[in-house]
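Down below is the structure, laid out as structure tokens.
Protein chains: 2
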Amino acid sequence: MTNSKNVCYYIFGKGSIKMLPKLLNSRRTNYTDYAIFLVDSYFINSQFVEGLPKQQQDMLYFVSTVDEPTTNDIDSLYEDILQKKNSIPCCVVGIGGGCTLDTAKAISNLLTNGGNAEDYQGWDLVKAPGVYKIGIPTISGTGAESSRTCVLINKNKNMKFGMNSEYSIFDQLILDPDLTATVPRNQYFYTGMDTYIHCIESLKGRHRHPIADAFSEQALILCKTVFGSTDMQCSENREKLMVASYLGGCAIANSYVGIVHPLSAGLSTVLNIHHGLGNCLVMNVMEEFYPEETLEFHEFVKKQGVELPKGITARLNEEGFDRLYESTIIHEKPLINALVEDFKTILTKSKVIEIFKRI
Amino acid sequence: MTNSKNVCYYIFGKGSIKMLPKLLNSRRTNYTDYAIFLVDSYFINSQFVEGLPKQQQDMLYFVSTVDEPTTNDIDSLYEDILQKKNSIPCCVVGIGGGCTLDTAKAISNLLTNGGNAEDYQGWDLVKAPGVYKIGIPTISGTGAESSRTCVLINKNKNMKFGMNSEYSIFDQLILDPDLTATVPRNQYFYTGMDTYIHCIESLKGRHRHPIADAFSEQALILCKTVFGSTDMQCSENREKLMVASYLGGCAIANSYVGIVHPLSAGLSTVLNIHHGLGNCLVMNVMEEFYPEETLEFHEFVKKQGVELPKGITARLNEEGFDRLYESTIIHEKPLINALVEDFKTILTKSKVIEIFKRI
């Protein structure tokens, strides 16, 4: 029976980013204490970054979101910090989307646990609490702000896996809907749909946790309101989607995803497709497994007029499809949750490849 | 802008009470470390109490639920502990309904802050974190397990008020629906309705917090399922109501109640009516302020065939009604939330007394 951990503190509201200086100051007990800011590369040269409460001794890294973070990225970042500083920071601040928040969590764990990022990919392998960390999402949907994982691509092992651990949970969140005002339309949809997708996967799975169910159900109500409306990005809907994302992360911390996420992980691992888009590409062809939800998804796409790229796997050869299959089927927990213990009897290699060919 | 605090850890599930020994052991770092168990008097001489992981040095108090806890009760309990022990406990464990959980929170705060209970009645007056505390509800509805308050009657000041503080939040919860299996039918309804009532009060109030709203909405969906069903106490519904209660407590931590709670507090202060029953008696006559919800409440009462006592205020004299009015109107925050800044223009003395006369 799991002892579920919540994010300790959260501040929700327009303009709540203004609380960051105060929160950060409360972590600085000594004038040499330094913080590490990990900021989505979207904000390079922005006024937003200029305005961050950065002190001379602090470190600022921009997290590239061209590709999703890899274990190698985290290891390199860790080495760089070790070279430049001889103490651990008083705080890690992650500001951005899922890639950035997950990078913040992973580096926080590595700074206190040592070793390599891949040592902690799996369930409950992190031994010690990470550095105190503040999460500030600038896009809604991944649930990274409230989940107990940080997902990294491991190129050596041809897999995408999380550090599933209570130590991968933020200590403090600032949930400021103003920060999502400039998200490009397609990206807003792809990422927002992550909440919809992991909540339907959780509710359709075999594993039941009544609190997770309640969170998922409420997150879905909010997603349906947002993506069924005429202006998914209006102020009120950005607020709703930020709540949905938070609740979805809380839900998934107590449950499992289903078929979409493993297939989407395959797309990320082999084709560098981002998680949100990968989920949408898979969800688009899930008639067999999630029939009603697939129809609803099609309606959302139509209603919002967003574009889904086509022919993603058109140029893949047999070896490419083999790798897609392998990097999907490795995710046993969610596939058992969605199907049966012996899930490979349903999700056969030919079935998996057939799905990928339709993407 | 509020920095909202969550309960740090929760274990949800049938049989989760079995996790208590392990949780408690992790708090005992020295063989002299003692825990204080505060257990609802309902469990006196029960096998349940026999089975608690109590060690020789621990203290066990039964919390009477004949009347709701007063500041004097807490002060007496505190003195008794001080007389018998010369150190603070490693853990306070509260097992019971709202009275017991609130007693556990209040004593936990007093043990580290000193003084008298009434010193901390109000908003954010507790200065230091309380003793580590584990909450184990045995009835669902009050939300005491997840709220940031512990409500005490102050006889000297003729008021019922909470220690509203982040230090009044439990560190760990065990949410075991098996523990609510023996709750008497009427009591189950009265207490469960507390969630329904504080959630509608929150959603109908002027103060908005999107996360509180999401929690309230989901809690209401669950309450409607439970109290609209033919067997509100079946295993599945007890599970749902326990989730609703938890969510309702989380909601109210970020929002305010409305008109029902102040009137109900008046009934508790003057007539020793328990909170759950008091809420129901008030809700029953709220046509003017919550028309649809009052109708729905009437349907729940009918559907579940529960009894609501009548003529509660029939024997009161003028001075009694004056005291009822005074101990209602003192709750300015919820009344401003429900009505207007100048709420006394709507909730006049004659209006308040007219409502009380109909109860």
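In order, the protein sequences belong to chains A and B. For the first sequence, the residue numbers in our numbering are 1 to 359. For the second sequence, the residue numbers in our numbering are 360 to 718. Glycine residues also receive a C-beta, built at the ideal position from the N, C-alpha and C atoms. Quantities reported herein were computed from a predicted structural model and do not represent experimental measurements.
Residue range of the beta strand (DSSP E) that residue i falls in?
{"i": "Ile556(B)", "result": "Unbroken run through Ile556(B) is the alpha helix (DSSP H), Arg544 to Lys563; no beta strand (DSSP E)."}
{"i": "Lys492(B)", "result": "Lys492 to Pro496"}
{"i": "Leu397(B)", "result": "Ala394 to Asp399"}
{"i": "Gly521(B)", "result": "Met518 to Asn523"}
{"i": "Leu179(A)", "result": "Counting along the chain, Leu179(A) falls outside any beta strand (DSSP E), and DSSP gives it neither H nor E."}
Buried or exposed: where does residue i fall if 16 or more other Cβ atoms within 10 Å of its Cβ makes it buried?
{"i": "Ile466(B)", "result": "buried"}
{"i": "Gln304(A)", "result": "buried"}
{"i": "Cys223(A)", "result": "buried"}
{"i": "Pro650(B)", "result": "exposed"}
{"i": "Thr180(A)", "result": "buried"}
{"i": "Ala476(B)", "result": "buried"}
{"i": "Asn384(B)", "result": "exposed"}
{"i": "Gln83(A)", "result": "exposed"}
{"i": "Tyr34(A)", "result": "buried"}
{"i": "Ala503(B)", "result": "buried"}
{"i": "Ile197(A)", "result": "buried"}
{"i": "Tyr325(A)", "result": "buried"}
{"i": "Asn445(B)", "result": "exposed"}
{"i": "Cys593(B)", "result": "exposed"}
{"i": "Ala212(A)", "result": "buried"}
Under 9 Å between C-beta atoms, does residue i make it to chain D?
{"i": "Glu576(B)", "result": "The chain inventory of the structure shown lacks chain D, comprising the protein chains A and B."}
Report the three-state DSSP secondary structure of residue i (helix, strand or coil).
{"i": "Gly453(B)", "result": "strand"}
{"i": "Lys303(A)", "result": "helix"}
{"i": "Val422(B)", "result": "strand"}
{"i": "Tyr369(B)", "result": "strand"}
{"i": "Thr459(B)", "result": "helix"}
{"i": "Leu484(B)", "result": "coil"}
{"i": "Leu694(B)", "result": "helix"}
{"i": "Thr2(A)", "result": "coil"}
{"i": "Gln531(B)", "result": "strand"}
{"i": "Thr112(A)", "result": "helix"}
{"i": "Thr653(B)", "result": "helix"}
{"i": "Thr230(A)", "result": "coil"}
{"i": "Thr313(A)", "result": "coil"}
{"i": "Thr142(A)", "result": "coil"}
{"i": "Thr345(A)", "result": "helix"}
{"i": "Thr429(B)", "result": "strand"}
{"i": "Lys22(A)", "result": "helix"}
{"i": "Tyr256(A)", "result": "coil"}
{"i": "Ser435(B)", "result": "helix"}
{"i": "Asp119(A)", "result": "helix"}
{"i": "Val371(A)", "result": "Chain A is shown only over 1 to 359; residue 371(A) falls outside these bounds and no answer can be derived."}
{"i": "Glu647(B)", "result": "coil"}
Would a C-beta distance cut-off of 9 Å place residue i and residue j closer than the cut-off?
{"i": "Val551(B)", "j": "Ser604(B)", "result": "Per the sequence shown, residue 551(B) should be read as Gly rather than Val. Going by C-beta atoms, Gly551(B) is nearer than 9 Å to Ser604(B)."}
{"i": "Thr508(B)", "j": "Thr554(B)", "result": "no"}
{"i": "Lys347(A)", "j": "Met242(A)", "result": "Rather than Lys, the amino acid found at residue 347(A) in this sequence is Leu. No; because the gap between Cβ atoms is not below 9 Å, this pair is not in contact."}
{"i": "Thr2(A)", "j": "Ile370(B)", "result": "yes"}
{"i": "Thr471(B)", "j": "Pro496(B)", "result": "no"}
{"i": "Ile221(A)", "j": "Ile273(A)", "result": "no"}
{"i": "Gly98(A)", "j": "Gly278(A)", "result": "no"}
{"i": "Ile528(B)", "j": "Leu379(B)", "result": "no"}
{"i": "His690(B)", "j": "Ser614(B)", "result": "no"}
{"i": "Tyr120(A)", "j": "Ser363(B)", "result": "no"}
{"i": "Gly455(B)", "j": "Asp399(B)", "result": "yes"}
{"i": "Phe715(B)", "j": "Leu626(B)", "result": "yes"}
{"i": "Gly94(A)", "j": "Lys105(A)", "result": "yes"}
{"i": "Asp336(A)", "j": "Val282(A)", "result": "Correcting the residue type first, residue 336(A) is Ile in the shown sequence and not Asp. For Ile336(A) and Val282(A), no; Cβs fall outside 9 Å."}
{"i": "Gly125(A)", "j": "Thr71(A)", "result": "Per the sequence shown, the amino acid found at residue 125(A) is Leu instead of Gly. No, they are not a contact pair."}
{"i": "Ser147(A)", "j": "Ala253(A)", "result": "yes"}
Looking at the unbroken alpha helix (DSSP H) that takes in residue i, where does it start and where does it end?
{"i": "Ile714(B)", "result": "Lys708 to Lys716"}
{"i": "Val585(B)", "result": "Pro569 to Phe586"}
{"i": "Val619(B)", "result": "Val619 to Leu630"}
{"i": "Asn154(A)", "result": "Run containing Asn154(A): none in the alpha helix (DSSP H); it sits in the beta strand (DSSP E), Val151 to Asn154."}
{"i": "Met242(A)", "result": "Ser235 to Ile252"}
{"i": "Tyr526(B)", "result": "Unbroken run through Tyr526(B): none, as it is neither H nor E."}
{"i": "Ile329(A)", "result": "Glu318 to Ile329"}
{"i": "Gly278(A)", "result": "His275 to Met283"}
Chain-ordered residues of the segment 191 to 220 of chain A with a beta carbon less than 7 Å from chain B: Answer set for the segment 191 to 220 of chain A: His209, Pro210, Ile211, Ala214, Glu217 and Gln218.
Taking a Cβ distance cut-off of 8 Å, strictly less, list which residues of the segment 232 to 243 of chain A are near chain B, in chain order. The residues in question are Glu239, Lys240, Met242 and Val243.
Contact list for the segment 140 to 170 of chain A against chain B, Cβ threshold 7 Å: Listed by position along the chain: nothing, the set is empty.
May I ask you to list, following chain order, the residues of the segment 361 to 375 of chain B that have a beta carbon less than 8 Å from some beta carbon of chain A? Residues passing the 8 Å Cβ filter: Thr361, Asn362, Ser363, Lys364, Asn365, Val366, Cys367, Tyr368, Tyr369, Ile370, Phe371, Gly372, Gly374 and Ser375.
Report the residues of the segment 54 to 65 of chain A with a CB closer than 9 Å to any CB of chain B, ordered along the chain. Those would be none; no residue qualifies.
Within 7 Å of chain B by C-beta, residues of the segment 248 to 264 of chain A in sequence order: Residues: none.
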